[in-house]
Every structure is written in C-alpha cells, then in structure tokens.
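**Q** Sending over a structure as structure tokens; questions will come in a sec.
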Amino acid sequence: MSEARTAWGWGLASVDAAGTTLDVWYPELTLGEAPTESDRPNHNFGTLAHTEADARGIRRVPVFAVSQLDEPIVNAADAYLKLHLMSMRMAKPNTLNLDGIFAQLANVVWTNYGPFAVEDFTLRKADVERAATDAALAFATQAGLSAAAPATTVNVFGVDKFPRMIDYVVPTGVRIGDADRVRLGAYLSAGTTVMHAGFVNFNAGTLGVSMVEGRVSQGVVVGDGSDIGGGASIMGTLSGGGKLRNSIGEHSLLGANAGIGISLGDNCTVEAGLYVTAGTKITIWDKAKAAAGEPLEVVKGSDLSGKDNILFIRNSVNGRIEARYRKVGIELNEKLHKN
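Note that numbering that gives the first Met the number 0 gives residue 304 to position 305 of the sequence shown, counting from 1, and the numbers run on in steps of one.
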C-alpha cells in the first residue's frame, strides 16, 4: 500500500463574528508528513494576527493545517490549503481530492479591505469606511496637513466562494491582464499570458507556455505552446455535473469564439466560431475518396477526442463539419511569452 500524501503549513484565517472561516492565507506550504507539535516552526505572522475583531467584524487567527491530499476536504482550512498547492505549482490540476469543497467554503464578499461576511456586510462596510476616514484625518492632523476628509470607499470585487488568485499567490513568469478572472486554485505555468478577457478556474490551468484569451473551465489543462483564442470556451467537469475531463494538448489552437466538449491532442486546430461536442457529427476528409466520388466516413466528436494532428473546420460550401489532417501545430511568439 502506498503512503498517504500529505501537505502542511501555517495559515492566517479570517474568522467572522459567527465563527465562520472566510478565508485562509498560506505564505508557504510543505509536502510530506507534518512535524509533531513540539517540532512545528513558528508561524511568524506578527501583527497580522489579531484575536480582537476589526471594523469588519473579522478576527485573523493563525491556524496550523494538515491536509490529506487523497481524502475529501474536511474544512475551510483544508480547502484553502489544496487551492494554494495548485496556485503555488506544488500540485497539478486533477491530482488532489477536492470532494466537498463547495460545502466547506463560505460565500464571501471580497473587497479591497479583505473578506467580509455576507450577512452583515452593509453595516460593516459603513463601520470600515468611518474608521478609515477617522484614521486618515488623525494622521493628517498629526502631520499638519489639510484636515479635509478623504474619500474612503469599500470596493466590492465580487461575492463568491473563491477569491482572486493573486491576492494569495503570485506565481513567477506569468502575466495576468485582469486579476478578477483567475481564481485561487488555478495552475499557471511560467510563460503563461492570461489576457484581459481570459478566465482560468480553480483546478485548471496551463502546463507550459500558453496564451489564454478564452475560458479554461474547472478540470481543464492546456498543454505547452497552445493558444485559447478570444471568447473561446472549454467545457469543464462542472458543466452538467459530469466527470469527463477535457484537455488540450501541445501546440494546438482553439480559435476565437470556438469551443470544445472533447479533448484536443497535440497539433490540433478548431477554426474560429466552431463548437465541437462529443455528439457532433464530423466528416473525415479524404481527398482521394472525394475525388473518386466515394462516401466519406462520418464519426462522432467523441471518436476524435484526444487525437493528434486534426484541423476541425466547417465547410463553407456544404455546411458540414470536417476533420482534416494537420501535420504541424502552431508556434507561439517566444518574445511575447518570455515573462
């Protein structure tokens, strides 16, 4: 029997007035068996931790978490630890047991002042803005500056179970045009560029140099040298509650506004605007058969899932979807992705 896979580390949890953990930040994590309590390193959070609630009604409490990577998620600290592992590139998508993650994560109001509980957000927002304004006025007075009240606003980024990745983990060698569009738990390899309209979900990501201008859904991985075009989409494991994991191989292109419900192998292209699902009827193009007037083979999209060297197009004359042999894959701009 193989040994249980484990990861551990100190985290700083945000806990609301009801005792609900809203988030946990792990500055660093370690793979392997956790040390005994007497051998644990210090958390070194210093003044970041405070047991008294702030104006948000939030306490920041150090927690020592140990996660069994092949077991279902048991609490919020466990969920955040596994999400951090993927964004830290310590575990690839689809290699951790994430069963129960939605039940263990609370809905949170994510803001420029950190997480708020949903239930009392309106009142807490006013408290935070008042406290921030008072602090700014006090500083201005002490410094002999103008005592005009500064504009202090709590800006809401979203209400969700998952926060933005870069508020917790900033991986090296990547560019992200819009921080709101990459969730914690995304795995972005060095050389990845996520453009402003691109999106990468948790437990999904890139395994090499990639351009992401479309949507990489939960459970989806994109191989080295591949391009997800603007507005393109890949069906993930959350679509319809299925467990099928679609992926894109190396040096493949999912054209602008295209989509797939199957996997692409290496050196594949789906032309712009074409959506290929498992049930799509696809004609296998054979030049010799076509010239001889012989019938062409028709298969379902699922029959071509994961196959290499395929160009998927819609024939503009007869409207049918065709699969044609493609010898060479795309090449991304090396200078563009040297991040």
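All C-beta atoms in this analysis are idealised placements derived from N, C-alpha and C, irrespective of residue type, glycine included.
None of the values given here were measured: they were computed from a predicted structure.
#1: On a CA-only basis, which of 156, 87, 192 is nearest residue 186? Give me that one, please.
#2: Count the other C-beta atoms from every protein chain shown that fall within 10 angstroms of the C-beta of residue 294, then say buried if there are 16 or more, exposed otherwise.
#3: Starting from the N-terminal side, write out each stretch of the beta strand (DSSP E) that is 3 residues or longer and does not extend beyond the region 52–137.
#4: Going residue by residue through the region 247–335, where are the continuous beta strand (DSSP E) segments of at least 3 residues, counting only ones entirely within it?
#5: Going by C-alpha to C-alpha distance, which of 297, 277, 322, 284 sits closest to residue 266?
#6: Does DSSP classify residue 203 as helix, strand or coil?
#7: By Cβ distance, which residues of its chain are closer than 6 Å to residue 277, with the 5 residues on each side in sequence left out?
#8: Need the endpoints of the beta strand (DSSP E) that residue 11 sits in, please.
#9: Ends of the beta strand (DSSP E) at residue 209?
#10: With burial defined as no fewer than 16 other Cβ atoms inside 10 Å of the residue's Cβ, what is the status of residue 47: buried or exposed?
#11: Would DSSP call residue 165 helix, strand or coil?
#12: Residue 231 and residue 257 look like a contact to me (Cβ under 8 Å); what is the Cβ gap, rounded to whole Å?
#13: Is it right to say residue 28 is buried, meaning 16 or more other beta carbons lie within 10 angstroms of its own, or is it exposed?
#14: Is residue 184 near residue 85, with beta carbons less than 8 Å apart?
#15: Roughly how many angstroms separate the alpha carbons of residue 319 and residue 311, rounded to a whole number?
#16: Rounded to a whole number of angstroms, what is the C-alpha to C-alpha distance between residue 78 and residue 206?
#17: Report yes if the C-beta distance between residue 119 and residue 156 is below 8 Å; otherwise report no.
#18: Suppose the cutoff is 6 Å on Cβ atoms and the five residues either side in sequence are ignored; what does the same chain contact list for residue 124 look like?
#19: Please report the distance separating the alpha-carbon of residue 19 from that of residue 105.
#20: At the 8 Å Cβ level, is residue 120 part of the contact set with chain C, yes or no?
#21: Assess, as a yes-or-no matter, whether the region 5–20 is touched by the region 55–70 under the definition of 3 or more beta carbon pairs within less than 8 Å.
#22: Check residue 244 in the structure and name its three-state DSSP category.
**A** Taking the structure as given:
#1: 87
#2: Around the beta carbon of residue 294, a 10 Å sphere encloses fewer than 16 other beta carbons of the protein chains shown; the residue is thus reported as exposed.
#3: 58–67, 107–110, 113–116
#4: Counting only runs of 3 or more, we get 280–283, 297–299, 309–313, 320–324.
#5: 322
#6: strand
#7: 260, 261, 300, 301
#8: 5–14
#9: 209–211
#10: exposed
#11: Shown here, residue 165 sits in a helix according to DSSP, grouped into three states.
#12: 5 Å
#13: Burial call: buried.
#14: The beta carbons of residue 184 and residue 85 sit closer together than 8 Å.
#15: 11 Å
#16: About 22 Å.
#17: no
#18: Setting aside the 5 residues that flank it on each side, residue 124 is surrounded in the same chain by 153, each with a C-beta closer than 6 Å to its C-beta; the list follows chain order.
#19: 8 Å
#20: Structure shown: chain C not included; a single protein chain is present.
#21: Per the Cβ contact rule, the region 55–70 is in contact with the region 5–20 (3 or more Cβ pairs under 8 Å).
#22: coil
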